[in-house]
Amino acid sequence: MAIKIKHLSYTYFKKTPNETEALHDVSFEIPEGKITTIVGHTGSGKSTLIQTFNGLIAPTSGSIEIAGFEITSNLKKLKKIKELRKHVSIVFQFPEYQLFEETVEKDVAFGLKNYGYKLEDALKEAHKALEKVGIDESFYKRSPFELSGGEKRRVAIAGIIAINPEILILDEPTAGLDPKGSKVILELIKDLNKQGKTIIIVTHDMNIVLNHSDNVVVLNEGKLSFSGTPNELFLQDVSSYSIDIPELFKFALMLKEHGVDLDISKIKNINDLIGQLRRKDE
């Protein structure tokens with residue numbers, strides 16, 4: 002089931018001197034089972050948008066159809082909001098700062114206990130989630146505060162995937178990580194998507210957009226500027242969106258401009274480019 006955003010608007014501090022419209026009449030769809038990235042300059046409305054997806058904030062107007070639920074300005078009508086959040090979960094930027102339990106396994110089990118799991122069953126599911134994110138059993142009894150930045154990030158993500166949401170939203174999932182840590186997180190996201198999860202990523206990293214997403218949405222000053230594939234986006238003049246074209250894509254465009262016959266629509270990573278160049282030499 003696709004996520005349908007219809008004429009969505011959100012205003013902070015409505016009817017006060019500080020009234021600010023963060024989203025204005027935004028409409029688009031996010032396909033099921035795909036990885037969709039949401040991009041835009043700081044203040045474009047990205048974080049506000051994803052907070053409406055599981056009812057953390059109610060839209061001022063418009064609606065979101067997601068996971069069989071309809072979110073409108075009246076959240077009181079959404080009686081099963083706890084159930085919605087089991088289907089649609091958000092991993093916020095730097096989620097490791099939200100770790101607080103005395104052991105890794107208890108931290109991951111915390112959300113499950115809130116959904117009524119007995120401690121023993123919650124720990125079993127927590128162990129499965131930790132295994133999925135590549136955290137070894139030797140870490141289970143350790144304090145989460147003893148872990149590296151990348152390990153903490155994986156534990157935090159395990160706490161979300163333990164409740165098995167259909168839709169996983171990640172806000173800047175690689176922020177603050179070194180290249181090795183970023184690669185681990187992106188591989189994890191790819192694996193979760195292969196398992197059938199719909200993934201939504203908010204990011205400033207255009208390489209993530211090109212290499213890892215199927216679709217991309219651009220917000221600009223609270224309005225929808227673009228919705229389509231990454232390759233379609235980067236073939237446009239993106240300067241007005243305050244985003245950059247990835248260096249690999251720039252290089253591929255330069256080669257094409259110099260007469261190299263390339264199918265730009267099929268280039269998402271260096272291997273795609275090399276594969277096309279090799280076929281031209283054969």
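If you're matching positions, the sequence shown starts at 2 in the numbering used here and goes up one per residue. Glycine included, each C-beta is placed from N, C-alpha and C at the ideal position.
Can you round the beta-carbon distance between residue i and residue j to whole angstroms, since I take them to be within the 8 Å contact cut?
i	j	result
Leu9	Thr53	7 Å
Glu106	His128	7 Å
Tyr287	Thr49	Residue 287 is absent from the model: the chain starts at 2 and stops at 283.
Ile168	Glu66	Contact doesn't hold; Cβ gap of about 12 Å is too wide.
Gly117	Arg154	Not quite, the Cβ-Cβ distance comes to about 27 Å (not below 8 Å), so this is no contact.
Glu126	Ala163	5 Å
Pro174	Ile186	5 Å
Out of the options, point me to the one whose CA is closest to residue i's CA.
i	options	result
Val89	Lys114, Asn165, Gly160, Ser64	Asn165
Phe372	Ala157, Asp238, Ile4, Gln196	No answer is possible for residue 372: it lies beyond the span of the chain, which begins at 2 and ends at 283.
Thr278	Ser266, Glu258, Ala253	Just to set this straight, residue 278 is Leu in the shown sequence, not Thr. Out of Ser266, Glu258, Ala253, Ala253 has the C-alpha closest to the C-alpha of Leu278.
Asp136	Asp206, Ala159, Glu222, Phe227	Note that residue 136 corresponds to Ile in the displayed sequence, not to Asp. Nearest C-alpha to Ile136: Ala159.
Ile170	Leu193, Lys267, Gly177, Pro60	Leu193
Ile91	Pro180, Lys198, Asn272	Lys198
Leu76	Thr61, Gly69, Lys87	Thr61
Pro231	Ser243, Asp273, Val210	Val210
Met2	Glu22, Gly69, Tyr13, Lys15	Gly69
Leu274	Glu258, Phe250, His259	Phe250
Lys184	Val134, Asp245, Asn19	Val134
Label residue i either buried or exposed according to how many other C-beta atoms from any shown protein chain fall within 10 Å of its C-beta, with 16 as the threshold for buried.
i	result
Val261	exposed
Lys269	buried
Ser149	exposed
Asp206	buried
Asp108	buried
Glu152	buried
Ile201	buried
Using a Cβ-Cβ cutoff of less than 7 Å, which residues in the same chain neighbour residue i once the five nearest sequence positions on both sides are dropped?
i	result
Lys93	Before going on, a small fix: residue 93 reads as Phe here, not Lys. Excluding sequence neighbours, Phe93 sits near Asp172.
Asp238	none
Ala176	Gln94, Phe95
Asp264	Gln277
Ser74	Ala59, Pro60, Thr61, Ser62
With a threshold of 6 Å on Cβ separation, who are the neighbours of residue i within its own chain once the five nearest residues in sequence on each side are excluded?
i	result
Thr288	Only positions 2 to 283 of the chain appear in this structure, which leaves residue 288 out of reach.
Pro96	Ala157
Ala123	Ala110, Leu113, Lys114
Phe140	Val105
Pro247	Met207, Asn208, Leu211
Go through its chain and collect everything with a Cβ distance to residue i's Cβ below 8 Å, but skip five positions before and after it.
i	result
Val310	No information on residue 310 is available, as it lies outside the stretch 2 to 283 that the chain covers here.
Val27	Ile6, His8, Leu9, Ser10, Gly46, Leu50, Gly63, Leu220, Gly223, Lys224, Leu225
Ser144	Glu103, Thr104, Val105
Thr71	Reading the sequence as shown, one finds Glu at residue 71 and not Thr. Closer than 8 Å at the Cβ level, and outside the excluded window around Glu71, lie Ser64, Ile65, Leu79.
*Determine, using beta-carbon pairs with one atom in the stretch 23-39 and one in the stretch 202-217, whether at least three such pairs fall under 8 Å.*
As far as the Cβ criterion goes, the stretch 23-39 touches the stretch 202-217, which means the pair count is three or higher.
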